[in-house]
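Residue numbers (our numbering), protein chains in the order written: chain A, 277 to 495; chain B, 277 to 495. Glycine included, every Cβ here is placed at the ideal spot set by N, Cα and C.
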DNA sequence: AATATAATTTAGGGTTGTCTAAAAATATGG
DNA sequence: CCATATTTTTAGACAACCCTAAATTATATT
């Protein structure tokens, strides 16, 4: 398992969670920043190793083995993110790229001890769940996107998409993070932008930003 | 700077400190576990990059640039060792190989914050000095090897060689670590082995083991 | 100093993971 | 439903880093 295969498995996992369980060559090429032909090569290799099942021209999906490997990488990534945020005080938009490097160290003992040192956290700084050593995710409350909320109601932030560092910096500025309560003051139907109240301050967010914030109703 | 070049620079640094300032191809080959021909290839590359000065058939030495790079790697390695030992509770014979992986992450910010989190340690768990961000080593007391000590005297352990994990496990068993006081009870001249007292317990150590323990006179 | 031995380098290859360009398969839209 | 556009794969190449085998240079012995 090289760093490269780690990245492929992790990305296939993320994309198949987001979509319909299988992932296209082009989608991987886009996310990984490598050419489609390189993706094909790697998929052949991962297929031979039994981590993915790949039928020519019809996308890939993770096998049970591959999913186990991917979840383990996600686990390492999220535990390191908690360390970087809680112990070293990195802003949450900074932790991702460092965790990308730390996640490749595969020592089981290291992660077990780090997890204990951090007090067995269940969620990373973005609110994403941390799988346990068997791969099981903590029980999740059902969430929806802030962009799907309606005017006047209060919502609690559960997690935010961690794909873009610019987005995270923007959310940080607005003090939007897991646990915070957001009130939807107004919904502008012409462009789906929202006027919201976060800890007493009024802000306007675009539909794109609102769609990256996962919330629950705050009763 | 790849992991491979990191390892070459670090090893050249360590060997030139131990010897006469330059390092032979074979010595590197031995330490790194690669063939001499591979070492030659890499030395050519590092020479072209300006990190070492390499004259055919006459060994290498680090340039100012290369030494700076090497010290930075040593710094990262030793800071991670402190983290693994102090915070995660790894035994000191376990920290080395994990630190070997962590040291390749080159974020300056990460190391700065980690160092502060650890309270700006000056020495790693083996007693080796940690260079500061400018590359300066903390002031060192002069030490000699326990094998050079004489009968009856007390010595304080300053550091131990961290090259072999078996050696470190052995020292751990005998409770020999930096700070501990050792009394030389007897010196067997036929094989240079020593009978020593460590925290009230009597042990016998070979000349090899004694040569890996760096001490000062304990007045 | 000549020769034997040891150390080092060169020559030629292999693997991994990437690339470009071209070919093949699939999807789409009149 | 067929021609065109898009997606994916194949073919061939390259850089990094390693290898073995052979050649070259340095060192040691007598």
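Rounded Cβ spacing between residue i and residue j (contact assumed at less than 8 Å)
i             : j             : result
residue 322/A : residue 328/A : 5 Å
residue 387/A : residue 355/A : 6 Å
residue 436/B : residue 447/B : 6 Å
residue 485/B : residue 443/B : 7 Å
residue 300/A : residue 335/A : 5 Å
residue 492/B : residue 392/B : Actually they are not in contact, since the Cβ atoms of residue 492/B and residue 392/B sit about 29 Å apart, beyond 8 Å.
Helix, strand or coil at residue i [DSSP, three-state]
i             : result
residue 358/A : helix
residue 337/B : strand
residue 419/A : coil
residue 353/B : helix
residue 410/B : coil
residue 438/B : coil
residue 404/A : coil
residue 448/B : helix
residue 468/B : coil
residue 344/A : helix
residue 443/A : helix
residue 363/A : helix
Where the alpha helix (DSSP H) containing residue i begins and where it ends
i             : result
residue 387/B : 384-393
residue 302/A : 301-308
residue 288/B : 279-294
residue 377/A : 368-378
residue 475/B : No alpha helix (DSSP H) holds residue 475/B; DSSP gives it neither H nor E.
residue 485/B : 483-487
Which listed residue (the options) has its alpha carbon closest to that of residue i
i             : options                    : result
residue 373/B : 445/B, 338/B, 357/B, 362/B : 357/B
residue 487/B : 335/B, 422/B, 384/B        : 422/B
residue 425/A : 465/A, 400/A, 407/A, 399/A : 465/A
residue 455/A : 400/A, 441/A, 279/A, 305/A : 400/A
residue 489/B : 293/B, 397/B, 478/B, 470/B : 470/B
residue 333/A : 345/A, 368/A, 320/A        : 320/A
residue 363/A : 307/A, 438/A, 289/A, 390/A : 390/A
residue 434/A : 337/A, 440/A, 411/A, 403/A : 403/A
residue 294/B : 384/B, 412/B, 337/B, 369/B : 337/B
residue 394/A : 344/A, 361/A, 350/A        : 361/A
residue 459/B : 431/B, 353/B, 302/B, 408/B : 431/B
residue 463/A : 473/A, 478/A, 427/A, 476/A : 427/A
residue 483/A : 467/A, 475/A, 406/A        : 467/A
residue 282/B : 378/B, 415/B, 303/B        : 378/B
residue 347/B : 475/B, 461/B, 405/B        : 405/B
residue 311/A : 284/A, 326/A, 412/A        : 284/A
residue 340/A : 297/A, 398/A, 475/A, 279/A : 297/A
residue 370/A : 476/A, 287/A, 479/A, 440/A : 440/A
residue 278/A : 318/A, 304/A, 419/A        : 318/A
First and last residue of the uninterrupted beta strand (DSSP E) at residue i
i             : result
residue 330/A : 328-330
residue 317/A : Not the beta strand (DSSP E): residue 317/A falls in the alpha helix (DSSP H), residues 312-325.
residue 453/B : No beta strand (DSSP E) holds residue 453/B; DSSP gives it neither H nor E.
Original post:
Name the residues in the stretch 391-405 of chain A whose C-beta lies less than 8 Å from a C-beta of chain B; which are they?
Top reply: Cβ contacts with chain B come from 393.
Original post:
Mind listing which residues of the stretch 342-365 of chain A have their C-beta closer than 7 Å to chain B's C-betas, in chain order?
Top reply: Residues of the stretch 342-365 of chain A with a C-beta less than 7 Å from any C-beta of chain B: 363, 364, 365, listed in chain order.
**OP:** Anything in the stretch 462-476 of chain A with a Cβ closer than 7 Å to a Cβ of chain B? List those residues in chain order, please.
**Re:** none
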